[in-house]
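Presented below is the structure to which this report refers.
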Amino acid sequence: MLDESPNVTLDTVLADLNRALTAGDIEAAVALFQDDCYWRDLAAITWNLKTVEGKAQVRDMLTAQLGAVKPRDFGQQAGETATQSGDVTEGWIRFETETGRGVGQIRLKNGRIWTLLTALDELKGHEEPKGLRRPMGAEHGHDRNRRTWKEKREAEATELGYTTQPYVLVIGGGQGGIGLGARLRQLGVPTIIIDRHERPGDQWRKRYKSLCLHDPVWYDHLPYIPFPENWPVFTPKDKIGDWLEYYTKVMELNYWSSTTAKKAVWDEAAKEWVVTVDRAGKEVVLRPKQLVLATGMSGKANVPVIPGQDVFKGEQQHSSQHPGPDAYKGKKVVVIGSNNSAHDICAALWEGGADVTMLQRSSTHIVRSDSLMEIGLGGLYSEQAVANGVTTRKADLIFASLPYHIMHEWQIPLYKQMKERDAAFYRALEDRGFMLDWGADGSGLFMKYLRRGSGYYIDVGACDLVIDGSIKLVSGKQITRLSETGVVLDDGTELPADLVVYATGYGSMNGWAADLISQEVADRVGKVWGLGSDTPKDPGPWEGEQRNMWKPTQVENLWFHGGNLHQSRHYSQYLSLQLKARLEGVPTPVYGLQEVHHRS
Numbered sequence: 001m002l003d004e005s006p007n008v009t010l011d012t013v014l015a016d017l018n019r020a021l022t023a024g025d026i027e028a029a030v031a032l033f034q035d036d037c038y039w040r041d042l043a044a045i046t047w048n049l050k051t052v053e054g055k056a057q058v059r060d061m062l063t064a065q066l067g068a069v070k071p072r073d074f075g076q077q078a079g080e081t082a083t084q085s086g087d088v089t090e091g092w093i094r095f096e097t098e099t100g101r102g103v104g105q106i107r108l109k110n111g112r113i114w115t116l117l118t119a120l121d122e123l124k125g126h127e128e129p130k131g132l133r134r135p136m137g138a139e140h141g142h143d144r145n146r147r148t149w150k151e152k153r154e155a156e157a158t159e160l161g162y163t164t165q166p167y168v169l170v171i172g173g174g175q176g177g178i179g180l181g182a183r184l185r186q187l188g189v190p191t192i193i194i195d196r197h198e199r200p201g202d203q204w205r206k207r208y209k210s211l212c213l214h215d216p217v218w219y220d221h222l223p224y225i226p227f228p229e230n231w232p233v234f235t236p237k238d239k240i241g242d243w244l245e246y247y248t249k250v251m252e253l254n255y256w257s258s259t260t261a262k263k264a265v266w267d268e269a270a271k272e273w274v275v276t277v278d279r280a281g282k283e284v285v286l287r288p289k290q291l292v293l294a295t296g297m298s299g300k301a302n303v304p305v306i307p308g309q310d311v312f313k314g315e316q317q318h319s320s321q322h323p324g325p326d327a328y329k330g331k332k333v334v335v336i337g338s339n340n341s342a343h344d345i346c347a348a349l350w351e352g353g354a355d356v357t358m359l360q361r362s363s364t365h366i367v368r369s370d371s372l373m374e375i376g377l378g379g380l381y382s383e384q385a386v387a388n389g390v391t392t393r394k395a396d397l398i399f400a401s402l403p404y405h406i407m408h409e410w411q412i413p414l415y416k417q418m419k420e421r422d423a424a425f426y427r428a429l430e431d432r433g434f435m436l437d438w439g440a441d442g443s444g445l446f447m448k449y450l451r452r453g454s455g456y457y458i459d460v461g462a463c464d465l466v467i468d469g470s471i472k473l474v475s476g477k478q479i480t481r482l483s484e485t486g487v488v489l490d491d492g493t494e495l496p497a498d499l500v501v502y503a504t505g506y507g508s509m510n511g512w513a514a515d516l517i518s519q520e521v522a523d524r525v526g527k528v529w530g531l532g533s534d535t536p537k538d539p540g541p542w543e544g545e546q547r548n549m550w551k552p553t554q555v556e557n558l559w560f561h562g563g564n565l566h567q568s569r570h571y572s573q574y575l576s577l578q579l580k581a582r583l584e585g586v587p588t589p590v591y592g593l594q595e596v597h598h599r600s
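Position 502, counted from 1, in the sequence shown is what our numbering calls 502; the numbers after and before it change by one each time, with no gaps.
Set out below in structure tokens:
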């Protein structure tokens with residue numbers, strides 16, 4: 001006979017939680033939690049992306065939100081079975097609030113709540129038209145004034161932004177803006193997405209020609225339309241560009257290409273933004289209520305200021321501007337940087353016949369692609385995970401259920417295993433002089449990405465070229481200046497160069513707000529990205545969520561959206577629901593609005 005005790009244990013705790021919340025007995029609810037507990041909420045209870053830590057913070061959050069939000073009806077999801085490992089019981093939950101329905105995951109330790117994820121899944125009365133609510137499409141019957149689907153779409157495209165205004169304007173039409181636009185479309189939120197490129201997907205097509213996604217296909221699905229089963233594991237840049245273009249069409253997005261946002265001003269009296277855009281050479285003024293900057297965390301190039309840049313006679317490019325290796329056969333190239341873009345560009349230049357040197361100024365975390373897939377991602381995002389019933393949606397929620405404060409504790413053993421598995425590879429890199437690190441606490445790539453968005457390379461072959469000397473390596477040196485003919489280092493060495501590539505990363509996304517709106521508005525927002533982990537490039541204080549991403553900011557009706565394909569897919573749901581609620585006048589009492597932070 002199956003042991004049902006994990007289900008019974010979980011049902012009992014959820015029933016006790018329901019009774020306490022329904023009765024408004026906050027102390028009884030708090031008593032169900034461990035002292036070292038974590039409640040992560042994605043827009044369901046807090047109308048924010050917020051993690052509260054410890055009983056005192058749980059109490060404070062419930063005191064602020066319980067009366068208005070009325071969370072209730074917590075129970076196990078149908079078809080799911082609670083599991084037990086040691087003293088931890090975990091399971092999938094569903095619940096309701098006054099205005100929405102949610103899902104999540106719970107972990108009990110010794111019978112008390114240790115981690116709790118509550119994620120808003122839909123708004124009551126504003127559910128997406130899918131499944132049994134799927135639209136008919138065909139209009140049966142007779143109507144002399146009938147308009148076809150094509151005619152309706154053409155009319156919408158002609159009117160929106162001119163005779164009618166969008167509720168949401170999304171600036172940036174990469175995977176982030178497109179995915180969010182699809183979510184908003186399904187929720188019936190009038191939205192325009194603008195992008196300066198000529199076609200959707202050009203953000204990928206116009207990058208260096210060797211670029212491929214380093215994350216596997218299971219991690220990279222867009223909302224609603226997963227990649228086909230025969231899609232390659234690692235998608236080439238032009239293929240993902242074509243997919244994004246196709247996606248904008250079939251998801252019926254109002255996507256304005258060849259459009260540049262020139263200026264945005266908040267109209268306090270009308271409570272809306274006034275955004276001046278250049279659409280294919282014609283000025284258009286849009287008046288959206290909500291403004292989303294989906295320009296990507298890797299959007300605003302960080303180009304270092306180095307003495308002599310004005311005297312150097314060769315070419316200089318940021319990695320985002322690098323066209324590829326074709327024009328540089330036989331040329332000497334110095335690539336400044338040692339992370340993903342630097343390795344990709346160096347490898348392509350070597351393949352194209354260039355004499356290429358990588359200048360590594362600080363240590364880099366390296367993880368081999370196959371090891372990352374098998375050890376780091378395999379349990380959640382792989383063909384085996386799908387076979388085990390772990391859908392992409394379920395994988396996203398499992399990942400989201402791990403509190404950032406303790407996530408590194410799960411990551412450290414995985415990267416220790418990778419380090420041991422690939423020990424000979426790492427010895428060869430270090431013997432060549434490459435400076436390696438494993439993150440501030442040995443937690444590896446994911447935590448580095450979440451904390452600072454940089455400092456790593458997923459090896460898909462370039463490291464072998466570093467090891468055998470095909471890519472020349474200079475490490476541990478700093479740049480003094482550029483001469484007419486090269487890069488001069490702090491030991492007096494000069495690296496001859498016909499081309500210098502700055503693979504030096506990107507700045508905080510609030511730089512886009514400074515350019516488009518004002519520095520004063522950017523300062524009111526503060527830094528975008530980082531957790532406040534007090535590790536390199538992610539100084540405290542502790543925030544416990546990505547700063548200013550996918551949630552309300554200190555600037556009214558201004559939002560930031562982006563990240564990798566996984567984050568763009570997953571968090572676009574919660575951002576779209578927050579925007580839909582505001583459109584429909586659903587009360588959205590925000591708890592724990594982030595304080596402004598400027599250190600970087």
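Positions of the beta carbon are idealized from the N, C-alpha and C atoms, including for glycine. In this text, all values refer to a predicted model and were calculated from it rather than measured experimentally.
(request) Identify the continuous alpha helix (DSSP H) that holds residue 594 and give its terminal residues. (result) Neither: residue 594 is in no alpha helix (DSSP H) and is coded neither H nor E.
(request) Let me know if residue 542 comes out buried or exposed under the rule of 16 or more other beta-carbons within 10 Å of its beta-carbon. (result) exposed
(message) Quick check: the Cα distance between residue 1 and residue 29, rounded to an integer number of angstroms?
(response) At residue 1 the pLDDT is 36, less than 50, meaning the model places this residue with poor confidence; the figure from the coordinates comes in the next sentence. Between residue 1 and residue 29, the C-alpha separation is close to 33 Å.
(request) Taking all protein chains shown into account, decide if residue 158 is buried (16 or more other Cβ within 10 angstroms of its Cβ) or exposed. (result) exposed
(request) Using three-state DSSP, classify residue 74 as helix, strand or coil. (result) strand
(request) Quick one: using the 10 Å Cβ neighbour count with 16 as the cut-off for buried, is residue 364 buried or exposed? (result) buried
(message) Assuming the contact rule is C-beta atoms closer than 8 Å, residue 169 and residue 275 should be a hit. Round their C-beta distance to whole Å, please.
(response) 6 Å
(message) Could you give the first and the last residue of the continuous alpha helix (DSSP H) run that contains residue 463?
(response) 462-467
(request) Find the nearest neighbour of residue 496 within the set 164, 32 and 333, judged by alpha-carbon distance. (result) 333
(message) Just to confirm before moving on: does the CB-CB distance between residue 465 and residue 458 stay below 7 Å?
(response) no
(request) Express the C-alpha separation of residue 193 and residue 611 in angstroms, rounding to a whole number. (result) Not covered by the structure: residue 611. The range shown for the chain is 1 to 600.
(message) In chain order, what are the residue ranges of uninterrupted beta strand (DSSP E) at least 3 long that sit wholly in the segment 87-115?
(response) 88-96 and 100-109
(request) Indicate the three-state DSSP secondary structure (helix, strand or coil) for residue 186 in the structure shown. (result) helix
(message) So for residue 371, helix, strand or coil by DSSP?
(response) helix
(request) Note down the Cα distance separating residue 588 from residue 46, rounded to an integer number of angstroms. (result) 8 Å
(request) Could you spell out where the alpha helix (DSSP H) holding residue 413 opens and where it closes? (result) 404-421
(request) Please name the residue in 290, 198 and 414 whose C-alpha comes closest to that of residue 268. (result) 290
(request) Take residue 196 as the anchor and find which of 213, 184, 188 and 177 has the nearest alpha-carbon. (result) 177
(message) From the DSSP secondary-structure annotation, give me the bridge partner or partners of residue 560.
(response) 293
(request) Would you mind sorting residue 39 into buried or exposed? The rule is 16 or more other CB atoms within 10 Å of its CB. (result) buried
(request) Note down the Cα distance separating residue 595 from residue 144, rounded to an integer number of angstroms. (result) 58 Å
(request) Report yes if the C-beta distance between residue 213 and residue 235 is below 7 Å; otherwise report no. (result) yes
(message) Going by DSSP, what residue range makes up the alpha helix (DSSP H) through residue 37?
(response) Where residue 37 is concerned, there is no enclosing alpha helix (DSSP H), although the beta strand (DSSP E) it sits in stretches over 33-42.
(request) Assign residue 16 to one of three DSSP states: helix, strand, or coil. (result) helix
(request) Given a cut-off of 7 Å, decide if residue 561 and residue 155 are closer than it, judged by their beta-carbon atoms. (result) no
(message) Using the Cβ count rule (16 or more neighbours within 10 Å means buried), how would you classify residue 283?
(response) exposed
(message) Using a 10 Å radius around the Cβ and a threshold of 16 neighbouring Cβ atoms, would you call residue 225 buried or exposed?
(response) exposed
(message) What does DSSP give as the partner residue(s) for residue 506 in the beta ladder?
(response) 301
(request) Quick one: measure Cβ to Cβ for residue 501 and residue 322, integer angstroms, because I've assumed they're closer than 8 Å. (result) 6 Å
(message) Do residue 26 and residue 62 have their beta-carbon atoms positioned less than 7 Å apart in this structure?
(response) yes
(message) Can you find the residues in the same chain that come closer than 7 Å, C-beta to C-beta, to residue 253, ignoring five residues on each side of it along the sequence?
(response) 178, 181, 182, 185 and 193
(request) Check whether the segment 92-103 touches the segment 68-76, taking contact to mean three or more Cβ pairs, one atom from each stretch, closer than 8 Å. (result) yes
(request) Let me know the beta strand (DSSP E) ranges lying completely inside the segment 341-399, each 3 residues or longer, listed in chain order. (result) 355-360 and 365-368
(request) Tell me whether residue 122 sits in a helix, a strand or coil according to DSSP, three-state version. (result) strand
(request) Out of 60, 511, 72 and 5, point me to the one whose CA is closest to residue 591's CA. (result) 60
(message) Taking only three categories from DSSP, how would you classify residue 278?
(response) strand
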